[in-house]
Amino acid sequence: MKIVVIGGTGLIGAKTVPLLRQRGHEVVAASPKSGINSITGEGLKEAMAGAQVVIDLANSPSFEDKAVLEFFETSGRNLLAAEAAAGTRHHVALSIVGIDRSDNGYFRAKVAQEKLIKASSIPYTIIRATQFLEFLGTIADSSADGTIVRLPPGLFQPIAADDVAAIVADVALAAPRSGIVEIAGPERAPFNEIVARYLKAVGDPRKVVRDPEARYWGGWVEEHSLVPLGEARRGRIGLDEWLRRSRAGT
Ligand SMILES: NC(=O)c1ccc[n+]([C@@H]2O[C@H](COP(=O)([O-])OP(=O)(O)OC[C@H]3O[C@@H](n4cnc5c(N)ncnc54)[C@H](OP(=O)(O)O)[C@@H]3O)[C@@H](O)[C@H]2O)c1
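When we follow numbering that gives the first Met the number 0, the leftmost residue of the sequence shown carries the number 0, and every step to the right adds one.
Set out below in structure tokens:
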């Protein structure tokens, strides 16, 4: 079947596209560089023609509150309109666990993206993932003040991009749930402890301080803000295995 992956060149997109091709599907890896742009609408009609499934793995180039909201709202509207015109049978989107339980500009934009999907006529599956292990360095940087990294002790359960891509591919090939599927990594521990383990393992001398008042991208994080509350599909790759694979370049 024909599958369009919007953001097919990104961290998750570039891992998902080959998994779908290996299973014999015709996959369009869409991105602005390949002339398919969910903001301007360029190339969408041609890309969607005959596609049964569209997977939205695009991300905003700017994480500034207003820019990111505009990105996910405009991109979502354009994609869903093009899919409705093309008769797409399954819209899959990657969202984030807890976007409605913590408050920051990026999470608000993902809530807006989900709202558009739920209101559309296209059968859908929203996959809410926890933070990617690949994102730990960025998280440390965003929470750093000089050599100190302040993080709240709320629970954290990061997932490897390889696990996310494998689950995205499975979900895209299954029937639409018209609902949300939550996915998370195999280990759950306080946010500050996981980031401290990561920094130590990569030889980063910055010190992680447990600070219940520290915010995550400007939002409050309570004990269960960032982890699935109910049943969630778990990835297999924990932090140690992910570090081993990263060092080995696999
Ligand atoms: N980071 C996390 O921890 C986390 C957790 C859960 C869910 N998510 C979600 O996962 C999704 C994928 O994230 P990622 O880290 O894989 O993203 P990424 O590496 O930043 O890749 C973004 C992709 O979007 C494409 N793109 C940007 N603007 C576009 C446009 N106007 N039209 C079409 N494509 C466009 C980019 O194309 P170019 O290569 O041409 O720029 C690239 O392929 C995002 O929706 C994010 O919200 C992230």
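Glycine included, C-beta positions come from ideal geometry on N, C-alpha and C. Quick caveat, the model's predicted, so the values are computed rather than measured.
Self-check item: arginine 233, DSSP secondary structure in three states
Solution: Secondary structure at arginine 233: strand, using DSSP grouped into helix, strand and coil.
Quiz prompt | Exposed unless 16 or more other CB atoms sit within 10 angstroms - verdict on proline 60 | solution = Counting Cβ neighbours within 10 Å, proline 60 comes out exposed, since fewer than 16 surround it.
Quiz item: Would you call proline 204 buried or exposed, if buried means 16 or more other Cβ atoms sit within 10 Å of its Cβ?
Solution: Proline 204 is exposed by the Cβ-count criterion.
Quiz prompt | Status (buried if at least 16 other CB within 10 Å, exposed otherwise) for aspartate 144 | solution = Counting C-beta atoms within 10 angstroms of its own C-beta, aspartate 144 has fewer than 16 neighbours from the protein chains shown and is therefore classed as exposed.
Exercise. Could you pull the start and end residues of the alpha helix (DSSP H) that alanine 81 belongs to?
Key: Where alanine 81 is concerned, the enclosing alpha helix (DSSP H) stretches over 64-85.
Self-check item: Local conformation of isoleucine 38 per DSSP, three classes
Solution: Taken through DSSP and simplified to helix, strand or coil, isoleucine 38 comes out as coil.
Quiz item: In the structure shown, what three-state DSSP assignment does glycine 178 receive?
Solution: Glycine 178 falls in the strand class under three-state DSSP.
Self-check item: Validate contact between the segment 60-69 and the segment 116-135 using beta carbons, cut 8 Å, 3 pairs
Solution: No, they do not touch.
Quiz item: Can you name, in chain order, every residue of its own chain whose Cβ lies under 6 Å from the Cβ of tyrosine 197, other than the five neighbours on each side?
Solution: If you ignore the 5 residues before and after tyrosine 197, its C-beta comes within less than 6 Å of the C-beta of Leu135, all in its own chain and listed in chain order.
Quiz item: Can you find a heavy atom of ligand 1 that lies under 7 Å from the Cβ of glutamine 156?
Solution: Ligand 1 has no heavy atom closer than 7 Å to the beta-carbon of glutamine 156.
Quiz item: By how many angstroms is the C-alpha of valine 52 removed from the C-alpha of arginine 88?
Solution: Linking arginine 88 to valine 52 through their CA atoms gives a straight-line distance of about 6 Å.
Practice problem: Taking only runs that begin and end inside the segment 130-210, name each unbroken beta strand (DSSP E) of 3 or more residues, in chain order. | Solution: The segment 130-210 contains these whole beta strand (DSSP E) runs: 147-150, 178-183 and 206-209.
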